[in-house]
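Participant:
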Amino acid sequence: MSESLKQPRKICPIGLASELGCDKWIPIILRDIGLFERRSFNQILKHNLEGISSGSLATKLKRLEHVGLIRFAQTSEHSQKKLYYLTQSGIDFLPVLFAMAVWSTKWYQPSEDYAALIEPYVTSPGPKMRELQSELLASIPSDKEVNASASD
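Per this note's numbering, the sequence shown starts with residue 52, numbered consecutively.
#1: Relative to the alpha-carbon of Leu134, which residue among Ile142, Gly119 and Glu88 has its alpha-carbon at the smallest distance?
#2: For Gly119, tell me which candidate among Leu81, Glu163 and Ser140 has the shortest Cα-Cα distance.
#3: With a cut-off of 8 Å, do at least 3 Cβ pairs link the segment 139-156 to the segment 175-183?
#4: Quick check on the burial criterion: 16 or more other C-beta atoms within 10 angstroms. Buried or exposed for Ile169?
#5: Which runs of the alpha helix (DSSP H) at least 4 residues long sit entirely within the segment 87-143? Give them in chain order.
#6: Give the DSSP-derived three-state secondary structure of Lys179 in the structure shown.
#7: Helix, strand or coil: how does DSSP classify Lys157 here?
#8: Distance, Cα to Cα, Ala124 vs Ile191?
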């Protein structure tokens, strides 16, 4: 994360969170990486039902990396292929995404298929959320693994 983002600022915490990462695509990309385990650019692009363009996806992935919500590791099979992972900060943001989902399900009519996918996190949010967060934490490549894959 950029050091300038870590500096104390005179801004409301909600305003700061919005500035750091909230627009139409950021929550969807975080959902795709964290919940649907879409790790590569093409997986996110091809399986995203909301229809993000490749240019928007590239821009948003850079933004998410800049603010420290995701990181990437290059694969050993293909030097230019990146696999994206949520950081600890991104994992800690997941309950916010699920709170948004609960609210939108209550007041609007989202896709039943997608609503079914989040149902376990809504009905027993504590245990399921902790389980998901633990699994995601375990999947984050270490700095050593990232550096090793980058030098291959």
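From the three backbone atoms N, C-alpha and C, an ideal C-beta is built for every residue, glycine too. In this text the structure is predicted, and so the values were computed from the model without any measurement.
Facilitator: From the atom records:
#1: The sequence position of residue 134 within the sequence shown is 83, counting from 1. Checked all of Ile142, Gly119 and Glu88; the closest Cα to Leu134 is Glu88.
#2: Within the sequence shown, numbered from 1, the residue matching residue 119 stands at position 68. That would be Ser140, whose Cα lies nearest to the Cα of Gly119.
#3: Here the segment 139-156 lies against the segment 175-183, with 3 or more beta-carbon pairs under 8 Å apart.
#4: In the sequence shown, the residue the question calls residue 169 occupies position 118. Of the residues assessed, Ile169 falls on the buried side of the cut-off, its CB having 16 or more other CB atoms within 10 angstroms.
#5: Secondary structure remark: continuous alpha helix (DSSP H) runs of at least 4 residues inside the segment 87-143, in chain order: 92-98 and 105-117.
#6: Counted from its first residue, the sequence shown places residue 179 at position 128. In the three-state scheme derived from DSSP, where H, G and I count as helix and E and B as strand, Lys179 is classed as helix.
#7: Against the sequence shown, residue 157 aligns to sequence position 106. DSSP places Lys157 within a helical segment (H, G or I) once states are collapsed to three.
#8: Along the sequence shown, one-based indexing puts residue 124 at 73. Along the sequence shown, one-based indexing puts residue 191 at 140. Roughly 9 Å between the two C-alpha positions.
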